[in-house]
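Letter by letter, the sequence shown follows residues 14 to 91 in the working numbering. Built from N, CA and C at the ideal position, the CB exists for glycine as well. Since we're looking at a predicted model, the values are computed, not measured. Notes follow the structure.
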Amino acid sequence: MVGSVFKDALDHEIRVVIQGLPESNASTLKERISADLAMVQHLLNDILHSGEKVTVRAAFRIEKKDIESSEIVRLRPI
Numbered sequence: 014m015v016g017s018v019f020k021d022a023l024d025h026e027i028r029v030v031i032q033g034l035p036e037s038n039a040s041t042l043k044e045r046i047s048a049d050l051a052m053v054q055h056l057l058n059d060i061l062h063s064g065e066k067v068t069v070r071a072a073f074r075i076e077k078k079d080i081e082s083s084e085i086v087r088l089r090p091i
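Laid out in structure tokens, this is it:
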């Protein structure tokens, strides 16, 4: 029973906010999301110890992108 409870605790989702990751210049939303997922996974892999594994199931930018400006003044958190 204890092992099952421990496994269930490990299966809970954890939400993390990351600031400062550059935004992709890809033309489609699907490509931008894919780039965000790859950057987050790469960042986590750099932080984790050998043998540890984290799977990123979803990633999204918290704020809307300013489409009026061609330059991003402030990076949106992910």
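Does the separation of the CB atoms of I91 and V53 fall below 8 Å? Here residue 91 refers to the residue found at position 78 of the sequence shown. Here residue 53 refers to the residue found at position 40 of the sequence shown. Yes; because the gap between Cβ atoms is below 8 Å, this pair is in contact.
Express the C-alpha separation of I60 and V67 in angstroms, rounding to a whole number. The count along the sequence shown starts at 1 and reaches residue 67 at position 54. The count along the sequence shown starts at 1 and reaches residue 60 at position 47. Distance between the alpha carbons of V67 and I60: 10 Å.
Whole angstroms is fine: what's the gap from A71's alpha carbon to S63's? Taking the first residue of the sequence shown as 1, we reach residue 71 at position 58. Taking the first residue of the sequence shown as 1, we reach residue 63 at position 50. Looking at the two C-alpha atoms, the distance is approximately 23 Å.
Would you call the CB atoms of L88 and E36 closer than 8 Å? Translated into positions along the sequence shown, residue 88 becomes position 75. Translated into positions along the sequence shown, residue 36 becomes position 23. Their beta carbons are under 8 Å apart, which means L88 touches E36 by this criterion.
For V53, the first and last residue of its enclosing alpha helix (DSSP H): Taking the first residue of the sequence shown as 1, we reach residue 53 at position 40. 42-60 is the span of the alpha helix (DSSP H), which, as asked, contains V53.
Whole-angstrom Cβ separation of A51 and A39, contact assumed at under 8 Å? Start at 1 with the first residue of the sequence shown, and residue 51 comes out as number 38. Start at 1 with the first residue of the sequence shown, and residue 39 comes out as number 26. With a Cβ gap of about 11 Å, A51 and A39 do not count as contacting.
Below 8 Å between beta carbons: does that hold for L56 and I75? Position 43 of the sequence shown, counting from 1, holds the residue named residue 56. Position 62 of the sequence shown, counting from 1, holds the residue named residue 75. Not closer than 8 Å, so no.
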